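Here the structure is laid out as structure tokens; the discussion comes afterwards.
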Amino acid sequence: MDASWIDKWRGLRILVLGDVMLDRFVYGQVERVSPEAPIPVLRFHSEKAMLGGAGNVARNIVALGGRAVLVGALGADAEGDLVAGPLSAADRIDGRFVRFADHPTTVKTRYVSGGQQIMRLDLERPLRLDAQAVEALCARFAEAVDSAAAVVLSDYAKGVLAPEVIRRVVDLARARGVPVIVDPKSRDVRRYAGATVLTPNAAEAALISGLDCGEDAGAEAAAKIVRDLAEVEAVVLTRGARGMTIWDPAEASGAAAHIATLASEVFDVSGAGDTVAAALSLALAGGASVTMAARIANVAAGVAVGKRGTAAVHARELAKALGGAGESDDPKIVSNETAAAVVADWKAHRLKVGFTNGCFDLLHPGHIGLLRRSRAACDRLVVALNADASVRRLKGENRPLQNQRARSVVIAAIDSVDLVTLFDEDTPMRLIELLKPDYLIKGADYSAATVVGADFVTAYGGKVVLIPLEVGHSTTSIISRANAGTDR
């Protein structure tokens, strides 16, 4: 098991069908008890919104390097507009939603103080599908299944995955040889018949089988019962702190596998099941066996529970946990797409992101000073490097002296730098538009009017920061002195 699996699944399209929700987080501070009743008073600080339920599975798929098509039901309301529009676009998810005028979008609002959730408010109503609604959902699914490498059915028991919908979409997928992964909620697992893998948790498996899943033997027996009842190919039983139990009769060993949990520190288990479904589907799509895919998903879940809230796990985080780096030998060096996902995650955790760019051909004290001061102005610093072709166009055919790989490694080794990515164009404008940094940072040899992207960043409330430069340091002067044979 290594990080090469991430490269195998990168760019594969996963089709997610299920109960899509809007997750809201309201952050504040509890400093007193209300005089009206013995309840805490939360003083508002900020709030954020993100895709929840099946939407969180799709978010994880994209963050892990895949592509996601999300099919589900939304109300014809402002919350549905937010999910279908800005949130899906921000997470780079292809949303194919059926909208209902007489049904509200499911919203879960969590109130948080000091990093602890103090209350959750659910606004929801079970969805009852008529024949027309079933046709609409299945049509959205059929439009996308031919290009899918795997299908995830994310069942939160809100009504989208009615038995007639499940039957039709499973048949559509399996007729095309596409694996179907089901995260179930119903005790009636027969409705998922024909799927590839079922991923119940220990409590669900215990209710279905009537067996205690606390020990390996009980979990194994429960997994076998669930598989037989559901008539699926394999079962991956998630057991929280006790890891996973996998029952796949096709496994060469002919025995069930038990995997210990890999979480080093648990902050929040919410959303971990979504991460498992996402990683499992990508690994299966990339050619892994069920047992190998479960092992990879187990590692991903270990990363997920180390985060607060329903946070997505990124490819570079999983690669590091698997003992490699996936895109690069250094987890700081990432593609533009991964950089966008990482920056979005930082922002979701209310971290201010700075962005600076340059050739950084020969690193000198002026560069170090600029990067240190840039990092001091923000919580996380992204450095965008001109790719080799871009440097040649700007500096001449004899530049760069170090190729883009060498320059990336050197910049990534600096403690002040949190992320390194490359751009091929003459300016980083496209990358600035993709990342939307809070701070656009350049040396004070520029003015705010001459910084590329300044108007774009300030238009959405970002700031341009100009850092004083250390006098007497430049790559051009170093090269000139070297050519002249002097070290002064």
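In terms of this note's numbering, the sequence shown opens at residue 51 and continues consecutively. We put the CB at the ideal spot given by N, CA and C, even for glycine. Computed from a predicted structure; not experimentally measured.
For T406, the enclosing beta strand (DSSP E) covers residues 403-408.
Rounded to the nearest whole angstrom, the CA to CA distance from G419 to G511 is 26 Å. Close CB contacts of E129 within its chain, under the 7 Å cut and outside five residues either way in sequence, are with L72, T155, V157 (chain order). Here P90 carries a strand assignment [DSSP, helix/strand/coil]. Counting other Cβ atoms within 10 Å of its Cβ, A198 reaches 16 or more and is therefore classed as buried.
S339 is the residue among I111, H417, S339 whose C-alpha sits nearest the C-alpha of I296. Per DSSP, E301 lies in no beta strand (DSSP E) segment and is marked neither H nor E. H399 places its beta carbon 9 Å or farther from that of A113.
For the set A335, Q452, C188, G373, the Cα lying nearest the Cα of V353 is the one of G373. Collapsing the DSSP output to three states places R109 in a helix.
Listed in chain order, the alpha helix (DSSP H) runs fully inside the stretch 479-520 are 479-485, 504-509, counting runs of at least 4 residues. V76 is the residue among V76, R190, G125 whose C-alpha sits nearest the C-alpha of L171. Here L257 is exposed: its Cβ has fewer than 16 other Cβ atoms, across all protein chains shown, within 10 Å. If you keep only unbroken alpha helix (DSSP H) runs of at least 4 residues inside the stretch 174-210, you get 181-195. Per DSSP, the unbroken beta strand (DSSP E) holding E81 starts and ends at 70-83. Between the stretch 92-103 and the stretch 125-142, the count of C-beta pairs closer than 8 Å reaches three or more; the two stretches touch.
Taken in chain order, the complete alpha helix (DSSP H) segments of 4 or more residues contained in the stretch 205-262 are 213-225, 252-259. Annotated as distal: G68 and S236, with beta-carbon spacing of 9 Å or more. For V460, the enclosing alpha helix (DSSP H) starts and ends at 454-462. As the crow flies, the alpha-carbon of D238 is around 55 Å from that of I464. Each residue's CA atom was taken as its position, placing V70 and T311 some 28 Å apart. If the five residues before and after A498 are omitted, its C-beta is found closer than 8 Å to the C-beta atoms of A504, V514, L516, all from its own chain and listed in chain order.
In the DSSP assignment, the residues bridged to A99 are R74.
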